[in-house]
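Below is one structure, written out as structure tokens, with a few remarks after it.
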Amino acid sequence: MRKKVIAGNWKMNKLKADADQFMEQVADKVPSDEQVEAIVCAPYLYLPSLVEKAKGSKVKIGAQNMHFEEEGAYTGEVSPTMLKDIGVTHVILGHSERREYFAETDETVNKKAKAAFQHELTPIVCVGETLEQREANETKSHVESQVKQALEGLTEDQVVETIIAYEPIWAIGTGKTASSEDANEVCAHIRQVIKSTVSEKAAKQVVIQYGGSVKPANIDELLGQSDVDGALVGGASLEPDSFLQLVEAGAK
Ligand code: 13P
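What follows is the structure, encoded as structure tokens:
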């Protein structure tokens, strides 16, 4: 059985004291159940402190982006080597906000995914359609193209380790959640794409999350779907209580 992965994406929120306080309240309350993994993806500045505070707990710490090069003249960037060095284990790649505001492309997502594996970081690769694409019935073809390009050149084992997050852009931060059936249909399609391009084994094992206005009130229904293996959560991951409720839903 695939484990459930609940990842919080704090985006550009919280000050350092709030970040530390969150981890002090959450770290030892996350269930030690093997079937659920809890990840907090925080702004770069807070990562070292969060890694320290999460030590000895089940919480993993992730970044929200990174460069694909190890080092060099890339002012303002953070490399995979740096993340690995401080104890970060996961990195979100290709979030729609980075694609929209920071010129992230399928090509850079693919370079970053390869770089993540070179440095033993687990990528959380985000894909998803706009409202216009959904209305034009292009959801599956768009998501399929994003998945294929992101995973291009990865080995079967690397694809198995990748976490894919299906996040319809129209559902992010809007309070509009995709219906659990719609979310499942696209997650199942992604699994089918992996079956046809990589292998049946990879398709069976890869973790596919849904993201977009997930909260404690709707997570049970989403996780009850056959192909939804977890959630990537923005707003509802910011408060300790609601983050813990989400993780507990994954452990059910
Ligand atoms: P919300 O949960 O706030 O809709 O954000 C979703 C998201 O973008 C997570 O990466």
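Per the working numbering, the very first residue in the sequence shown carries number 21; after that it's consecutive.
Each residue gets a CB set at the ideal place from its N, CA and C atoms; glycine is no exception.
The structure displayed is predicted, hence computed values, not measured ones.
Runs of beta strand (DSSP E) wholly within the region 181–267 (minimum 3 residues, chain order) = 183–186, 227–231 and 250–253
Ignore the nearest five residues each way along the sequence and tell me which others in HIS110's own chain have a CB closer than 8 Å to its CB.
-> As a position in the sequence shown, residue 110 is number 90, starting the count at 1. Contacts found: ALA27, ILE59, CYS61, LYS80, ILE81, GLY82, ALA83, LEU141, THR142, PRO143, ILE144 and ILE183.
Beta-carbon separation (whole angstroms), ASN85 vs ILE112, contact threshold 8 Å = To locate residue 85, count along the sequence shown from 1; it is residue 65. To locate residue 112, count along the sequence shown from 1; it is residue 92. The Cβ separation is near 7 Å, so the contact holds.
Could you pull out every residue in the same chain whose Cβ sits closer than 8 Å to the Cβ of TYR94, ignoring the five residues on either side in sequence?
-> Reading the sequence shown from its first residue, position 74 is the one you call residue 94. Excluding positions up to five away in sequence, the list reads HIS87.
Residue(s) in a DSSP beta bridge with LEU113 = Taking the first residue of the sequence shown as position 1, residue 113 is located at position 93. DSSP output for LEU113 lists VAL145 as bridge partner(s).
What is the DSSP secondary structure of LYS24, reduced to helix, strand or coil?
-> As a working mapping, residue 24 is identified with position 4 in the sequence shown. Note: LYS24 maps to strand in three-state DSSP.
Extent of the continuous beta strand (DSSP E) to which GLU57 belongs = In the sequence shown, residue 57 corresponds to position 37, counting from 1. Run containing GLU57: 56–61, per the beta strand (DSSP E) assignment.
If we count the other Cβ atoms within 10 Å of its Cβ and call it buried at 16 or more, is GLU17 buried or exposed?
-> The displayed coordinates of the chain run from 21 to 272. Any statement about residue 17 would go beyond what the structure contains.
Contact check, VAL226 vs GLN166, beta carbons under 9 Å | Along the sequence shown, read from residue 1 onward, the residue named residue 226 stands at position 206. Along the sequence shown, read from residue 1 onward, the residue named residue 166 stands at position 146. Contact: no.
For GLN169, collect the residues of the same chain with a Cβ closer than 8 Å to its Cβ; drop the 5 residues on either side in sequence, then sort them by chain order.
-> One-based indexing of the sequence shown puts residue 169 at position 149. Once the five neighbours on either side are set aside, the close Cβ partners of GLN169 are ASP126, GLU127, VAL129 and ASN130.
Given 8 Å as the limit, is there contact between the region 251–270 and the region 211–225, that is, 3 or more CB pairs closer than that?
-> no
Residue burial classification, MET21 (beta-carbon count within 10 angstroms, cutoff 16) = Within the sequence shown, residue 21 is the residue found at index 1, counting from 1. Exposed.
Going along the chain, which unbroken runs of the alpha helix (DSSP H) with 4 or more residues stay wholly within the region 57–107?
-> 67–74 and 100–105
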